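Below is one structure, written out as structure tokens; comments come after it.
Protein chains in written order, with full-length UniProt numbering: chain A, 1 to 201; chain B, 1 to 201.
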């Protein structure tokens, strides 16, 4: 025993959270018991309700408590004919905030990672193939992260899409707006050079 | 709306935890929903049970789900005649692990901090005074942290104890065991010099 049995159990349970070790869990438990009892009760309630009700959208796989997420349920989005592939629900929010995209999404909930045992089925790529076969899309936009795994995943999905005759594009990678050339890493800069476009007047 | 209403609420509720901002809360929510549903359910359950049942020991104020914590309920501890004052339940655990102390504790659950509105009543010092008046103690050991607030709190409590005729001591401050003089800060080193003792043969 370190603390009382129930407090020990609380500290252990809090370590299920990513990035929370024994010390932070102890600090969290003390803070909740000492100053945040109302907030803690709310958290316990919302957490249990979320785990009971939040599942995946049956079309795009993002988190939602409905069968279809609001974006997939929107007929204007369906009429647009574009499909954007992202790794996480947070990427959907980031792209939505640009206001530049009016199509639908497919959320992989990760990327291909054979070493971690994450294969195409875990990313729902069989369902994506079915979707591309069942509906006519004008364009599939690959917006996976520009990491080794993200690129490999993008190549894999491009293959599936081309087999269905869908045009495939990849979001541009290069020097970030407001960034200084001097501070940008060489890899990004060489992408930026290779991806150069005719200068618009 | 950023995510679904329930997911937004979960991300907001997680921010009640100390050191958790919007980004970490989002990462925690995704991890729980994606990979840790069983752990999350356990956390919700244990958290709600802890908030319902864990209170303060009516004697020493530490966290416990009983009326008296195991240390206060132990008659051997009571017979010892020593009382150690600490700031937090974690300090009790740290001192217990040394195996050097067999008396009882009084846990302040903080330190005097007038700027944050934390006065003597918030630390239960009125109850401590009553306890010192009701029972005969041989020694009161001040083990508050060696910070400005911890020192001020120690002085305040020493006054209370002296008024009850209890002998007061303060744990030693100095160069930590295994530390190198060269790397110890000047303040600690001057404490270490002032607190020097006759060398035992």
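Glycine is no exception: its CB is placed at the ideal position from the N, C-alpha and C atoms. In this text the structure is predicted, and so the values were computed from the model without any measurement.
Taking only the alpha-carbon atoms, compute the straight-line gap between residue i and residue j and give it to the nearest angstrom.
{"i": "residue 11 of chain A", "j": "residue 42 of chain B", "result": "12 angstroms"}
{"i": "residue 171 of chain B", "j": "residue 82 of chain B", "result": "13 angstroms"}
{"i": "residue 30 of chain B", "j": "residue 21 of chain B", "result": "14 angstroms"}
{"i": "residue 27 of chain B", "j": "residue 93 of chain A", "result": "14 angstroms"}
{"i": "residue 168 of chain A", "j": "residue 136 of chain A", "result": "13 angstroms"}
{"i": "residue 116 of chain A", "j": "residue 109 of chain A", "result": "14 angstroms"}
{"i": "residue 162 of chain A", "j": "residue 127 of chain A", "result": "16 angstroms"}
{"i": "residue 114 of chain A", "j": "residue 46 of chain A", "result": "34 angstroms"}
{"i": "residue 67 of chain B", "j": "residue 53 of chain B", "result": "10 angstroms"}
{"i": "residue 37 of chain A", "j": "residue 17 of chain B", "result": "11 angstroms"}
{"i": "residue 97 of chain A", "j": "residue 75 of chain A", "result": "20 angstroms"}
{"i": "residue 25 of chain B", "j": "residue 40 of chain B", "result": "14 angstroms"}
{"i": "residue 143 of chain A", "j": "residue 190 of chain B", "result": "60 angstroms"}
{"i": "residue 147 of chain A", "j": "residue 90 of chain A", "result": "17 angstroms"}
{"i": "residue 154 of chain B", "j": "residue 176 of chain A", "result": "55 angstroms"}
{"i": "residue 193 of chain B", "j": "residue 19 of chain A", "result": "41 angstroms"}
{"i": "residue 199 of chain B", "j": "residue 23 of chain B", "result": "55 angstroms"}
{"i": "residue 133 of chain B", "j": "residue 50 of chain B", "result": "33 angstroms"}
{"i": "residue 195 of chain B", "j": "residue 33 of chain B", "result": "55 angstroms"}
{"i": "residue 35 of chain B", "j": "residue 111 of chain A", "result": "15 angstroms"}
{"i": "residue 118 of chain B", "j": "residue 149 of chain B", "result": "11 angstroms"}
{"i": "residue 86 of chain B", "j": "residue 173 of chain B", "result": "15 angstroms"}
{"i": "residue 56 of chain A", "j": "residue 166 of chain A", "result": "25 angstroms"}
{"i": "residue 160 of chain A", "j": "residue 79 of chain A", "result": "22 angstroms"}
{"i": "residue 15 of chain A", "j": "residue 88 of chain A", "result": "23 angstroms"}
{"i": "residue 77 of chain B", "j": "residue 8 of chain B", "result": "49 angstroms"}
{"i": "residue 158 of chain A", "j": "residue 138 of chain A", "result": "14 angstroms"}
{"i": "residue 13 of chain A", "j": "residue 58 of chain B", "result": "26 angstroms"}
{"i": "residue 106 of chain A", "j": "residue 156 of chain A", "result": "14 angstroms"}
{"i": "residue 141 of chain B", "j": "residue 95 of chain B", "result": "12 angstroms"}
{"i": "residue 130 of chain A", "j": "residue 84 of chain A", "result": "16 angstroms"}
{"i": "residue 197 of chain A", "j": "residue 164 of chain A", "result": "29 angstroms"}
{"i": "residue 181 of chain A", "j": "residue 145 of chain A", "result": "21 angstroms"}
{"i": "residue 178 of chain B", "j": "residue 179 of chain A", "result": "48 angstroms"}
{"i": "residue 48 of chain B", "j": "residue 44 of chain A", "result": "6 angstroms"}
For residue i, which beta-bridge partners are listed by DSSP?
{"i": "residue 21 of chain A", "result": "None, per the DSSP bridge assignment."}
{"i": "residue 105 of chain B", "result": "B:84"}
{"i": "residue 142 of chain B", "result": "B:85 and B:170"}
{"i": "residue 113 of chain A", "result": "A:118"}
{"i": "residue 56 of chain A", "result": "A:63"}
Assign residue i to one of three DSSP states: helix, strand, or coil.
{"i": "residue 26 of chain B", "result": "helix"}
{"i": "residue 195 of chain A", "result": "coil"}
{"i": "residue 137 of chain B", "result": "coil"}
{"i": "residue 156 of chain A", "result": "helix"}
{"i": "residue 148 of chain B", "result": "helix"}
{"i": "residue 185 of chain B", "result": "coil"}
{"i": "residue 200 of chain B", "result": "coil"}
{"i": "residue 178 of chain B", "result": "coil"}
{"i": "residue 13 of chain B", "result": "helix"}
{"i": "residue 4 of chain B", "result": "coil"}
{"i": "residue 72 of chain B", "result": "helix"}
{"i": "residue 165 of chain B", "result": "coil"}
{"i": "residue 124 of chain A", "result": "coil"}
{"i": "residue 39 of chain B", "result": "helix"}
{"i": "residue 97 of chain B", "result": "helix"}
Practice task
Give, in chain order, every residue of the stretch 35 to 46 of chain B whose Cβ lies closer than 7 angstroms to some Cβ of chain A.
Solution key: 36, 37, 39, 40, 41, 42, 43, 44 and 46
Problem - Three CB pairs or more closer than 8 angstroms across the stretch 108 to 124 of chain A and the stretch 70 to 84 of chain A - result: no
Problem - Segment contact flag, the stretch 185 to 200 of chain B with the stretch 96 to 104 of chain B, C-beta cutoff 8 angstroms, min 3 pairs - result: no
Problem - Residues, ordered as in the chain, of the UniProt domain "Toprim" (81 to 176) of chain A that lie near chain B by beta-carbon distance below 9 angstroms - result: 88, 89, 90, 92, 93, 96, 97, 109 and 110
Exercise for the section: Could you list the residues in the stretch 47 to 61 of chain B with a C-beta less than 8 angstroms from some C-beta on chain A, going in chain order? Expected result: 47, 48, 49, 50, 51, 53 and 54
Problem - Any 3 or more C-beta pairs closer than 8 angstroms across the stretch 58 to 65 of chain A and the stretch 2 to 10 of chain B - result: yes
Handout entry: Where the stretch 61 to 74 of chain B meets chain A: residues whose CB sits under 9 angstroms from a CB there
Key = 62, 63, 64, 65, 66, 69 and 70
Handout entry: Selection of the stretch 21 to 32 of chain B by Cβ proximity to chain A, strictly under 8 angstroms
Key = 24, 26, 27, 28, 29, 30, 31 and 32
Handout entry: Under 9 angstroms (Cβ pairs) to chain A, residues found in the stretch 183 to 201 of chain B
Key = none
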